[in-house]
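Presented below is the structure to which this report refers.
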Amino acid sequence: MLAKAMISHYRRHPLQLIALALMIVVATMLWTGVSVLTGQARDSLAVSEEAVAARKAVVRNDGQPVSVTDFVALRRAGICVAPWLETARGDAAQKVIGIDPLAMACFDAPPTGSDSAGLDGDPFVDISEVAGQSSRPGQLSLLVSPGEGPLPSEYQRREFRLGPATGELADSFLLNLDALSLLVLFITGLLVRSVYHLGLAQRRSSFVLLERFGVEKARIRRLLTAELTLLTLICVLPGVLLGQALANRLGQGFGQALESLFDLPLYAGESSPVPWQAALVMVVLVLGACLVDRFLPQRPARQGSSSGLSRLPVWAWSATVGVGLMMVFLASSLIWVFAGSALVFAGVGGLMPGLLARCADAVARRQRQTPSSSLNRWRYRELAVMFRNLALPVVALQFAMATVLAVQALVTTFEATFDQWLAQRLSAELYVQVPDGADAQAGERALAQLDGLGDWHRVRSGKAQLLAGDGAAEPLTMDLMALSPITPLVTDWTLLASVDDPWAALASGGVMVNEQLARRQGIQSGQSLRVKMGESALTMPVVAVYADYGRPAAEVLVHGDSLPSGFRPSFQSFSINPGALAVDDIARRLRAEWQVADLVIRDNASIQALASQVFQQTFLLTRAISVLTLVLASLSLLVMGWVFFSTRSWYFQLLGIWGVQPGEIRNQLRRLALLLTSGVTLVALPLGVWLTWVLVSRINPLAFGWSLPMAVYPGFWLELGLVMAAIGLVIAWLIGRQLAGQESLRPAANLEAGGER
Amino acid sequence: MPDDVLKVHRLSKEFISGRDRVQVIAGLSFTLQAAQSLAVVGRSGSGKSTLLNLLCGLEDADGGLISVAGRDTVGRWTALRKQTIGVVFQEANLMPAMTLLENVQLRASLAGRASGEEMHWLEQLGVAAEAHRFPDQVSGGQRQRAALAMVFAMRPALILADEPTGSLDRQTADDVADRLFEVQRNSGCGLVLATHDQALASRCEHCLDLSESA
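Heads up: the sequence lines are chains Z and G, in that order. Each position in the first sequence, counted from 1, maps to that position plus 1035 in this note's numbering. Each position in the second sequence, counted from 1, maps to that position plus 4 in this note's numbering.
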């Protein structure tokens, strides 16, 4: 019977129960989705690292790529080696790896490092399948068994990786996701707490009554805890299942993100179990956020303050913001940037509701005494009450909006910058791959003889080493790209830093480095590097730093003439603008020169479209998380606003009793709701702009090695403002309906003491 | 100001309770002149509050006519409540986010009677010292006096008060009643007072017992 009395409040106010349940379900869904995806990423990294640790490959001492001949020679010498053929699948950006199960029989363990990754599906298939299905020759590697003895003198062992070493960068990527997840968790905690405490405040009088009837306070608390625990357990289950569905929906984009950033396929999680750990976190979060007050020292209740955010004085919150800003500005590691950002958010959250309420009160005081301005004064006074009493959802919405603004600015800036960068990189219309064994020099001569051909250059790719002592503590393996001749295809590139006339300086023996390498090693244009290409070590002046988005790999760019004669590129191609010639004429000339039946010719426009698509997928998860958080926060403000406005409905009725027309009351209601949501939007803007700066100028360089220009998008601010205005209008409409349908004119019992202020 | 501030002719109101129709007010007629007061008494549920709601248009009558300050009330209730009829409830008459003075100013402004004399009304009701306090910072009696100040500041022809001292202790109730009658008589407006307090009712010139009329 006591329990029945306890929950009787929700029988009269089912909306509050539904709101609380909805909050828990949506918050669990969001958190579970994010947890599943980051868990999969972490598992994939672990699988990859495990595989790398176990794998060694054989390379030739002369720098030439290994071939089938090498495989045969090594097997004849009794060495346990297995071929590993890696290529792209069809026209997709997916990687597929061919291995030979027969050759691997001499390995003690599968070389993939994962028992689950066999030959029964992606990305590992039989080597014959890869050789048959791919339109371009793959990159052949020879894996050597870990227990194998010395190799013949012309070979050596190397660590074998699927892609470039990601090192701390992959961890940073996951740390970014974790930070976003924690922000989401913090926001959802605020929201759940605000909805729960709003209901609790309205039930307090019935608890007092029960105490007067002799029910112990401790028993009431136990019943409240049991009630919340039961509700949480009931709501977490559908939340977890929905979260898994969300993760599955976002999984493909997330997988592409991982692969495009780190060459790391998403192996794990295809049949992941129900993430009970995420569910447990949510149960703890809900119970902790709602019941934390019981473990804090009690303070005298002050009417009109239900924010729960004002335990510290203004100076303390201001100091928190100040310290946070300094930390973000000065930090040299990602974790400190996150810690500083957290302090800034906490400080802003503590300051903002009170600040907004004071602003509203100040505007109220400035109103003159005319009928219309008297109503204005009343409206601003009511607004101040709302900012104080809806502090938690207001702050949560502010954080969510700031996150959405920042992520949107980051993604839009990245897309614009990336498109421009890609257009510069792929400014040639055609990309012709030099077939294995073909004489690229002969191809160069043939192209030079073609009358009417537009701009073109030859690209030679391979590996180089940055030798120790030149910014590197130990030799650093880098990607190498050599171009020649230098034409307008490259001279329009946007360079982040350069000496005078950098392309001429490159042709004179200089080297350009990508931003990732420059940031990691602190390299600046004008300094000299010792670069080992093949067997030769050269001292080269750095003539420019160029933008290179997406990959974390270090890369240097040299002129083709700077390559030492012994250097053997692993890959060669030509970038060509056909000019007055037909593509078929160029292809025919090269086929004749190289004596091959077919050529791999790619249309750069389609490559550009594909690359753009991959990078859009890269940010799908981030964008989805931030938008879902905004939806959650908006929903919360909507529900909270509705519930809170309902508690003030008597005062709107009082205006009616005083002769204010119903239309004017609805107008006041709309203006009040719009002021509430637009006030939150206004304070979210500076926080969002600051967070954008943190993302592009602090977090991105530390996490991925490249920075982006700072840009703001007022058009999106307007869009977001319109969404918030719509939420305000919906709140006003709901309350307007409620007022119109109210029959009783008696004020609620809890207004007897002068009402909440 | 016309002599008759309130004329009620054959007023009736019934409610549906389950399957039953309950006639709360049946063919009620009376007239109240300026500066006069009428106590509406009766047991709980006899229709005191309903009558007051009918007299200010917050509920619709089933039959009968009401005129206020010599004017027909049909379709004019909102305008009448704004400028002519002042309503006081037992509690929650003030906007909680505004000071007592701001509340009086708001009510006077809405009535188009803002004169800068709002403080004077608070003085008249004995709460000038609390003018800049919020409703939750003053006592129930002070809140009720401020509510009366709001009503007087709009200079109404008719005041409808529903148990205005019902939530106050005897001494405070008497004090508030003294102020109410004093200012009402001085201003010359009519007063209809619903109460079950016989002592308060006896201070009015007329008395209408709804228990008897029902």
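We treat Cβ as the ideally placed atom computed from N, Cα and C, and that holds for glycine. Being a predicted model, the structure only gives us computed values, none of them experimental.
Just the Cα atoms here: how many angstroms apart are residue i and residue j?
i                    : j                  : result
phenylalanine 138(G) : leucine 1360(Z)    : 38 Å
alanine 1441(Z)      : leucine 1541(Z)    : 38 Å
isoleucine 1621(Z)   : glutamine 1468(Z)  : 13 Å
glycine 1389(Z)      : leucine 32(G)      : 54 Å
alanine 1556(Z)      : alanine 1056(Z)    : For clarity, residue 1556(Z) is glutamine in the given sequence; the question names alanine instead. If I take the Cα positions, the gap works out to 51 Å.
leucine 1322(Z)      : lysine 1039(Z)     : 21 Å
aspartate 1126(Z)    : asparagine 1639(Z) : Only weak support exists for where aspartate 1126(Z) lies, its pLDDT of 46 falling under 50; the value from the coordinates is given anyway. Each residue's alpha carbon lies about 13 Å from the other.
arginine 147(G)      : proline 160(G)     : 20 Å
asparagine 57(G)     : valine 44(G)       : 13 Å
serine 1367(Z)       : threonine 1512(Z)  : 24 Å
alanine 1836(Z)      : asparagine 1702(Z) : This structure gives no information on residue 1836(Z), because the portion of chain Z shown stretches from 1036 to 1792.
alanine 1644(Z)      : glycine 1274(Z)    : 37 Å
glycine 1228(Z)      : leucine 1218(Z)    : This sequence places arginine at residue 1228(Z); glycine is not what is there. One C-alpha to the other measures close to 15 Å.
leucine 214(G)       : serine 41(G)       : 16 Å
glutamate 1699(Z)    : isoleucine 1734(Z) : 50 Å
aspartate 1535(Z)    : leucine 1465(Z)    : 30 Å
proline 1185(Z)      : tryptophan 1629(Z) : 39 Å
tyrosine 1045(Z)     : leucine 1272(Z)    : 22 Å
leucine 1543(Z)      : glycine 1595(Z)    : Before going on, a small fix: residue 1543(Z) reads as serine here, not leucine. Straight-line Cα distance between these residues: approximately 11 Å.
leucine 1276(Z)      : valine 142(G)      : 53 Å
alanine 1708(Z)      : proline 1428(Z)    : 14 Å
leucine 38(G)        : cysteine 208(G)    : One detail in the question is off: residue 38(G) reads as alanine in this sequence, not leucine. Straight-line Cα distance between these residues: approximately 13 Å.
tryptophan 1528(Z)   : threonine 1522(Z)  : 11 Å
leucine 1365(Z)      : serine 1742(Z)     : 16 Å
Quick one: using the 10 Å Cβ neighbour count with 16 as the cut-off for buried, is residue i buried or exposed?
i                     : result
proline 1049(Z)       : exposed
arginine 183(G)       : buried
leucine 1265(Z)       : exposed
proline 1749(Z)       : exposed
lysine 1091(Z)        : buried
aspartate 166(G)      : buried
proline 1599(Z)       : exposed
serine 1043(Z)        : exposed
leucine 1570(Z)       : In the sequence as displayed, the identity of residue 1570(Z) is glutamate instead of leucine. Counting Cβ neighbours within 10 Å, glutamate 1570(Z) comes out exposed, since fewer than 16 surround it.
arginine 1480(Z)      : exposed
phenylalanine 1106(Z) : buried
methionine 1436(Z)    : buried
arginine 85(G)        : buried
methionine 1064(Z)    : buried
proline 1470(Z)       : buried
What are the residues that DSSP puts in a beta bridge with residue i?
i                  : result
alanine 1435(Z)    : None, per the DSSP bridge assignment.
tyrosine 1466(Z)   : Ser1610(Z), Arg1637(Z)
aspartate 24(G)    : Ser21(G)
histidine 1594(Z)  : Leu1518(Z)
threonine 1727(Z)  : For threonine 1727(Z), which the question treats as bridged, DSSP gives no partner whatsoever.
asparagine 1549(Z) : Tyr1581(Z)
histidine 210(G)   : Leu42(G)
threonine 1512(Z)  : Gln1500(Z)
proline 1118(Z)    : Leu1177(Z)
isoleucine 89(G)   : Leu162(G)
threonine 35(G)    : Lys11(G)
glycine 67(G)      : Ser16(G)
alanine 1092(Z)    : Leu1178(Z), Arg1193(Z)
glycine 194(G)     : Leu162(G)
Can you tell me where the beta strand (DSSP E) with residue i in it begins and where it stops?
i                 : result
aspartate 1135(Z) : Unbroken run through aspartate 1135(Z): none, as it is neither H nor E.
valine 1577(Z)    : 1571-1581
threonine 1376(Z) : Checking the displayed sequence, the identity of residue 1376(Z) turns out to be serine instead of threonine. First-last for serine 1376(Z): 1369-1400, but that is the alpha helix (DSSP H), not the beta strand (DSSP E).
leucine 1532(Z)   : The displayed chain sequence assigns alanine, not leucine, to residue 1532(Z). 1530-1533 is the extent of the beta strand (DSSP E) around alanine 1532(Z).
With respect to the alpha helix (DSSP H) encompassing residue i, which residues constitute its N-terminal and C-terminal limits?
i                : result
histidine 136(G) : It is not in any alpha helix (DSSP H) - histidine 136(G) carries neither H nor E in the DSSP assignment.
Roughly how far, in whole angstroms, is the beta-carbon of residue i from the beta-carbon of residue j, given that I think they are within contact range, below 8 Å?
i                : j                 : result
leucine 1326(Z)  : threonine 1260(Z) : 6 Å
arginine 1110(Z) : glutamate 1189(Z) : About 15 Å separates the two Cβ atoms, so there is no contact after all.
alanine 1517(Z)  : valine 1593(Z)    : 5 Å
serine 1610(Z)   : alanine 1463(Z)   : 4 Å
alanine 1579(Z)  : leucine 1501(Z)   : Contact doesn't hold; Cβ gap of about 16 Å is too wide.
Distance cutoff 8 Å, beta carbons only. Does residue i sit that close to anything in chain A?
i               : result
glycine 1694(Z) : As a matter of chain content, chain A is missing from the structure shown, whose protein chains are Z and G.
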